[in-house]
């Protein structure tokens, strides 16, 4: 698989994860809306939306149903709900694309944290393990935030883990941490986490 395909798949996974977190329910419930939003959003490589590049015209979307009178036929509540979901998914798509764009910069530039800064801790998706009511790839990727206690060497930090994670070594490479920007909606408790015998997440 080429790099562009991998980036597209990662973007779609990010969008589906955001839908599951924002709207609740299973990822399959939002697959069609995610596909629609992705195919009708501007693509910088193409200079237009993928749908427009393929068919030579813009797609008639739920965003223009109000203009053509279909709102009355379809039902105003359904149209409004779909319009809002498509708008939210497009926001998440933009965020996912921005993350993909900055990925190379993050790899080249080491993040710096200071004592008492707060960070999220990256957790690896484990097959068959349900976290936060969701399993596998669509479960949240980070837990926390946790306080930075000290820098260890050039590229690692010791963080203050809660008692429930006491069995885990509390020094992590900078690539496993993400800066915390205060927002009460972003706090995720670490339960339930599966601690393997070799004491990692």
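Residue numbers (this note's numbering): 7 to 207.
Using N, Cα and C, we set each Cβ at its ideal position, and we do this for glycine too.
* To do: Return the Cβ separation of residue 13 and residue 95 in integer angstroms, given the expectation that the two are a contact with Cβ distance under 8 Å.
  => Residue numbering aside, residue 13 sits at position 7 when the chain shown is read from its first letter. Residue numbering aside, residue 95 sits at position 89 when the chain shown is read from its first letter. Between residue 13 and residue 95, the beta carbon gap of about 18 Å keeps them out of contact (Cβ cut-off 8 Å).
* Asked: Going along the chain, which residues of its own chain have a beta-carbon closer than 8 Å to the beta-carbon of residue 179, five neighbours each way excluded?
  -> Here residue 179 corresponds to residue number 173 of the chain shown, with the count starting at 1. If we look at residue 179 and ignore the five residues flanking it on each side, its Cβ neighbours are 161, 162.
* Cβ-Cβ distance between residue 17 and residue 44 below 9 Å -> Position 11 of the chain shown, counted from the first residue, corresponds to residue 17. Position 38 of the chain shown, counted from the first residue, corresponds to residue 44. Yes, they are a contact pair.
* Asked: Ends of the beta strand (DSSP E) at residue 154?
  -> Working through the chain shown from its first residue, we reach residue 154 at position 148. Note, residue 154: beta strand (DSSP E), 148-158.
* What are the boundary residues of the beta strand (DSSP E) that includes residue 178? -> Numbered from its first residue, the chain shown carries residue 178 at position 172. Start and end: 177-179.
* Asked: Whose CA, out of 156, 121, 128, lies closest to the CA of residue 150?
  -> Residue numbering aside, residue 150 sits at position 144 when the chain shown is read from its first letter. The shortest C-alpha to C-alpha distance from residue 150 to any of 156, 121, 128 is the one to 128.
* Between the C-alpha atoms of residue 30 and residue 36, what's the straight-line distance to the nearest angstrom? -> Residue mapping note: residue 30 aligns to position 24 of the chain shown, counting from 1. Residue mapping note: residue 36 aligns to position 30 of the chain shown, counting from 1. Near 10 Å, if we compare the C-alpha coordinates of residue 36 and residue 30.
* Alpha-carbon to alpha-carbon, residue 155 and residue 181 -> As a working note, residue 181 is residue 175 in the chain shown. As a working note, residue 155 is residue 149 in the chain shown. In this structure, the CA atom of residue 181 is about 17 Å from the CA atom of residue 155.
* Buried or exposed: which applies to residue 100, given that a residue is buried once 16 or more other Cβ atoms fall within 10 Å of its Cβ? -> Locating residue 100 in the chain shown gives position 94, where the first residue counts as 1. So residue 100 ends up on the exposed side.
* **Straight-line gap, residue 123 to residue 167 (C-alpha atoms, nearest Å)** => Numbered from 1 along the chain shown, position 117 holds the residue referred to as residue 123. Numbered from 1 along the chain shown, position 161 holds the residue referred to as residue 167. For residue 123 and residue 167, the distance between alpha carbons rounds to 14 Å.
* What's the C-alpha gap between residue 114 and residue 148? -> For this step, residue 114 is matched to residue 108 along the chain shown. For this step, residue 148 is matched to residue 142 along the chain shown. With a pLDDT of 49 at residue 114, under the threshold of 50, the modelled position of this residue cannot be trusted; read the value that follows with caution. Their backbone Cα atoms lie some 21 Å apart in a straight line.
* Thinking C-beta only, is residue 119 closer than 9 Å to residue 66? -> On the chain shown, position 60 is the one that residue 66 refers to. On the chain shown, position 113 is the one that residue 119 refers to. Not closer than 9 Å, so no.
* Asked: Leaving out the 5 sequence neighbours to the left and right, which residues in its chain are closer than 6 Å to residue 4 when beta-carbon positions are compared?
  -> Limits of the chain in this structure are 7 at one end and 207 at the other, which puts residue 4 out of reach.
* Which two residues bound the contiguous alpha helix (DSSP H) that contains residue 59? -> Locating residue 59 in the chain shown gives position 53, where the first residue counts as 1. Membership of residue 59 in the alpha helix (DSSP H) is indicated by the continuous run 56-61.
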